[in-house]
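Peer 1: Sequential numbering of the first sequence, starting at 0, is according to numbering that gives the first Met the number 0. Where is the CB? At the ideal position from N, CA and C, for every residue including glycine.
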Amino acid sequence: MSLVRVIGRTTLIGRIVEVEAYGGQNDPASHAYRGITPRNRPMFGEPGHAYIYFTYGNHYCLNVTTRRAGVAGAVLIRAIEPVKGLNVMKRFRPGVPEGQLSNGPGKLTKALAIDRSLNEADLTRSGPLYIGRARSRQLPFTIRRSPRIGITLGIERLWRFYVESNQYVSRAASGNRRTYR
DNA sequence: TCGAAGATTCTA
DNA sequence: AGAATCTTCGAA
Numbered sequence: 000m001s002l003v004r005v006i007g008r009t010t011l012i013g014r015i016v017e018v019e020a021y022g023g024q025n026d027p028a029s030h031a032y033r034g035i036t037p038r039n040r041p042m043f044g045e046p047g048h049a050y051i052y053f054t055y056g057n058h059y060c061l062n063v064t065t066r067r068a069g070v071a072g073a074v075l076i077r078a079i080e081p082v083k084g085l086n087v088m089k090r091f092r093p094g095v096p097e098g099q100l101s102n103g104p105g106k107l108t109k110a111l112a113i114d115r116s117l118n119e120a121d122l123t124r125s126g127p128l129y130i131g132r133a134r135s136r137q138l139p140f141t142i143r144r145s146p147r148i149g150i151t152l153g154i155e156r157l158w159r160f161y162v163e164s165n166q167y168v169s170r171a172a173s174g175n176r177r178t179y180r
């Protein structure tokens, strides 16, 4: 799947190569673990919408809500492989080598100029930010899974999924594999 | 109201 | 390995 960012006449596209799943009160690593708060409210909303939060005083992270309204669930987009608009992404990430443009959740939001203004945006339809099927046919690839990164609880769950050997995955790890086409 | 922790990134 | 940086939320 592709993440598409439209800014005026400019369209930026990235192939999603790494994600993590987050649940609700059954998932101690989730923002929604202790119930609804002002920040995590989008996680309890309609599926297919953006949940964007600000963290560590510097970075925005983008999630897609996944469960029906009233049930918390989201997928964190952790990395994308730039497909279109590379030059613009570089402008948003001055001085950064190409391979590190979008290989992390905070990096990709900066490369695509994503911030709180897009919180709760509908990602299922054309707009400033949405997710679509890849335009061109993909070669077969292998998805691996591993524990989620940067959390202290819930590490026993293999809820991180990433494209094997892709340069833009934030970091490698071992896990089971399954091939998709 | 206060303070500790945080789904990170960058530098040394 | 440690700093930067500031919002968020639970506890008091």
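Rounded to the nearest angstrom, what separates I142 and I6 at their Cα positions?
Peer 2: Along the first sequence, one-based indexing puts residue 142 at 143. Along the first sequence, one-based indexing puts residue 6 at 7. Taking the straight line joining both Cα atoms gives about 31 Å.
Peer 1: Straight-line CA distance for S101 to A78?
Peer 2: The residue you call residue 101 lines up with position 102 of the first sequence. The residue you call residue 78 lines up with position 79 of the first sequence. Whole-angstrom Cα-Cα distance: 6 Å.
Peer 1: Between T54, L117, Y50, N86, which has its C-alpha nearest A71's C-alpha?
Peer 2: Residue 71 sits at position 72 when you count from the first residue of the first sequence. For A71, the nearest C-alpha among the options comes from Y50.
Peer 1: Taking one C-beta from the region 10-19 and one from the region 145-163 each time, how about it: are there three or more such pairs within less than 8 Å?
Peer 2: These segments touch.
Peer 1: For the beta strand (DSSP E) containing F53, name the first residue and the last one.
Peer 2: For this step, residue 53 is matched to residue 54 along the first sequence. Segment 49-54, the beta strand (DSSP E) holding F53.
Peer 1: Using 8 Å as the Cβ pair cut-off and three pairs as the minimum, do the region 51-65 and the region 74-92 touch?
Peer 2: Short answer: they touch.
Peer 1: Taking DSSP as the reference, what is the three-state secondary structure of E119?
Peer 2: Counting from 1 along the first sequence, the entry for residue 119 is found at position 120. It is coil, neither helix nor strand.
Peer 1: Suppose contacts are defined by Cβ-Cβ distances below 8 Å. Is R147 in contact with Y59 by that definition?
Peer 2: Counting from 1 along the first sequence, the entry for residue 147 is found at position 148. Counting from 1 along the first sequence, the entry for residue 59 is found at position 60. No; because the gap between Cβ atoms is not below 8 Å, this pair is not in contact.
Peer 1: Between the Cα of G22 and those of G98, P41, R4, spot the shortest distance and give me the residue it belongs to.
Peer 2: The sequence position of residue 22 within the first sequence is 23, counting from 1. Of the candidates G98, P41, R4, the one whose C-alpha sits nearest the C-alpha of G22 is P41.
Peer 1: Buried or exposed: which applies to Y55, given that a residue is buried once 16 or more other Cβ atoms fall within 10 Å of its Cβ?
Peer 2: Your numbering for residue 55 matches position 56 in the first sequence. It is exposed - the Cβ of Y55 has fewer than 16 other Cβ atoms within 10 Å.
Peer 1: Which whole-angstrom value describes the C-beta separation of R133 and S1, a residue pair presumed to lie in contact below a C-beta threshold of 8 Å?
Peer 2: Position 134 of the first sequence, counted from the start, is the residue given in the question as residue 133. Position 2 of the first sequence, counted from the start, is the residue given in the question as residue 1. With the sequence shown as reference, residue 133 is identified as Ala, and Arg is not the correct amino acid for it. Yes, they are in contact, since the Cβ atoms of A133 and S1 sit about 5 Å apart, within 8 Å.
Peer 1: Which residue or residues does DSSP assign as beta-bridge partners of T64?
Peer 2: On the first sequence, position 65 is the one that residue 64 refers to. In DSSP, T64 forms a bridge with A73.
Peer 1: Quick one, are the C-beta atoms of L122 and G69 less than 8 Å apart?
Peer 2: In the first sequence, the residue the question calls residue 122 occupies position 123. In the first sequence, the residue the question calls residue 69 occupies position 70. No, the pair does not count as a contact, with Cβ atoms beyond the cut-off.
Peer 1: Quick check on the DSSP output: the alpha helix (DSSP H) that includes R91 runs from which residue to which?
Peer 2: Taking the first residue of the first sequence as 1, we reach residue 91 at position 92. Checking the sequence, you will find Phe at residue 91 rather than Arg. Here the alpha helix (DSSP H) through F91 covers 85-91.
Peer 1: When the Cα atoms are used, what is the spatial distance from H30 to N39?
Peer 2: By one-based count along the first sequence, residue 30 stands at place 31. By one-based count along the first sequence, residue 39 stands at place 40. So the alpha carbons of these two residues sit roughly 6 Å apart.
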